[in-house]
Ligand SMILES: Cc1ncc(COP(=O)(O)O)c(C=O)c1O
């Protein structure tokens with residue numbers, strides 16, 4: 002049962018979610034020529050009339066960059082204003098996941114990105130924990146993360162998610178919660194919709210942006226937070242075998258937040274995760290708008 006917010010932003014205005022419909026001939030549906038964002042908005046614990054959007058500016062920027070890969074223009078202020086109008090209209094009462102979406106809306110048949118109509122919509126869904134905060138089991142996928150020279154991986158391009166879907170289903174059907182994908186160089190890239198971090202001898206290590214990852218906003222936030230807490234952060238290629246001998250392994254993403262990995266293949270990971278716990282506690286407080294130094298990471302929307 003999905004609890005969608007009652008209104009969608011569709012073709013320039015808020016309309017009832019159930020009236021926001023597309024033709025079966027929509028170009029993006031056939032070719033994956035769309036890009037999306039995924040953001041969380043939560044009620045402000047200190048103000049019942051306010052909703053908090055985590056790093057809305059970064060999400061708007063990444064979406065507009067993704068739109069560039071689709072060769073269409075999307076303006077960051079337009080995205081932010083539409084999000085605000087959307088939240089005010091819906092007046093949510095629960096934490097929500099918001100999905101802004103830019104896509105080729107033409108009904109033409111040829112796969113292309115030139116001379117084609119594009120459009121933009123937003124909808125929202127109530128969302129609690131996407132992965133268990135107590136930890137997940139992971140397998141190394143038999144599917145390889147795409148290469149940046151075949152698909153613009155810095156964008157959240159819809160078509161790319163066939164690989165995530167194959168990997169996630171393979172993991173779940175073989176008894177695991179989540180998939181870890183290696184890139185075409187055989188190095189660890191990321192999970193089906195999350196970035197990955199390991200901790201070794203006190204260093205926080207994560208695959209760099211040249212490892213065919215999505216440039217995750219939670220990832221960037223965790224790196225910044227770790228550095229400001231005196232943790233040594235290293236962005237470098239990560240070998241598969243390092244996963245099994247790491248002191249801590251965890252995933253980051255808007256949906257997953259910070260999720261510990263408790264088992265990889267048949268290897269049980271340590272239950273002691275001091276680095277992850279520290280970062281998770283700090284990040285949670287920041288997303289709740291409770292840390293004045295990080296006030297600029299949170300956009301407050303008055304939904305009254
Ligand atoms: C493939 C993939 N990697 C990583 C992430 C994590 O990115 P973020 O922290 O910006 O949500 C996501 C989720 O958006 C994703 O879909």
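Numbering (the working numbering), first residue to last: 2 to 305. Even for Gly, the Cβ is constructed at its ideal location relative to N, Cα and C. These numbers come from a predicted model, not from an experiment.
Using only CA atoms, which one of the options lies nearest to residue i?
i: residue 240; options: 169, 141, 278 and 29; result: 141
i: residue 105; options: 148, 23 and 60; result: 23
i: residue 182; options: 176, 175 and 190; result: 190
i: residue 103; options: 29, 47, 84 and 168; result: 29
i: residue 238; options: 48, 6 and 187; result: 187
i: residue 229; options: 167, 279, 253 and 180; result: 279
i: residue 205; options: 51, 274 and 135; result: 274
i: residue 285; options: 192, 110 and 255; result: 255
i: residue 4; options: 179, 26, 17 and 128; result: 128
i: residue 94; options: 46, 63, 56 and 137; result: 46
i: residue 222; options: 268, 74, 109 and 298; result: 298
i: residue 195; options: 61, 99, 177 and 214; result: 214
Would you tell me roughly how many angstroms separate the C-alpha atoms of residue i and residue j, rounded to the nearest one?
i: residue 44; j: residue 96; result: 6 angstroms
i: residue 34; j: residue 202; result: 43 angstroms
i: residue 126; j: residue 164; result: 24 angstroms
i: residue 36; j: residue 159; result: 5 angstroms
i: residue 168; j: residue 162; result: 10 angstroms
i: residue 80; j: residue 18; result: 18 angstroms
i: residue 144; j: residue 51; result: 42 angstroms
i: residue 89; j: residue 74; result: 25 angstroms
i: residue 292; j: residue 147; result: 38 angstroms
Name the two residues that bound the continuous beta strand (DSSP E) containing residue i.
i: residue 219; result: Run containing residue 219: none in the beta strand (DSSP E); it sits in the alpha helix (DSSP H), 218–229.
i: residue 131; result: Run containing residue 131: none; DSSP gives neither H nor E here.
Kindly indicate which three-state DSSP category residue i falls into: helix, strand or coil?
i: residue 268; result: strand
i: residue 88; result: helix
i: residue 44; result: strand
i: residue 276; result: helix
i: residue 63; result: helix
Would you mind reading off the limits of the alpha helix (DSSP H) that contains residue i?
i: residue 162; result: 162–174
i: residue 18; result: Where residue 18 is concerned, there is no enclosing alpha helix (DSSP H), given that its DSSP letter is neither H nor E.
i: residue 242; result: 241–246
Looking at ligand 2, does it come within less than 7 angstroms of residue i, judged from the CB to the closest heavy atom?
i: residue 195; result: Within the structure as shown, ligand 2 is missing, the only ligands being ligand 1.
Any Cβ of chain D within less than 8 angstroms of the Cβ of residue i?
i: residue 255; result: Looking at the structure shown, chain D is missing, and only one protein chain is on hand.
Assuming residue i contacts residue j (C-beta within less than 8 angstroms), just tell me the rounded distance between them.
i: residue 300; j: residue 6; result: So it is not a contact: roughly 17 angstroms between Cβ atoms.
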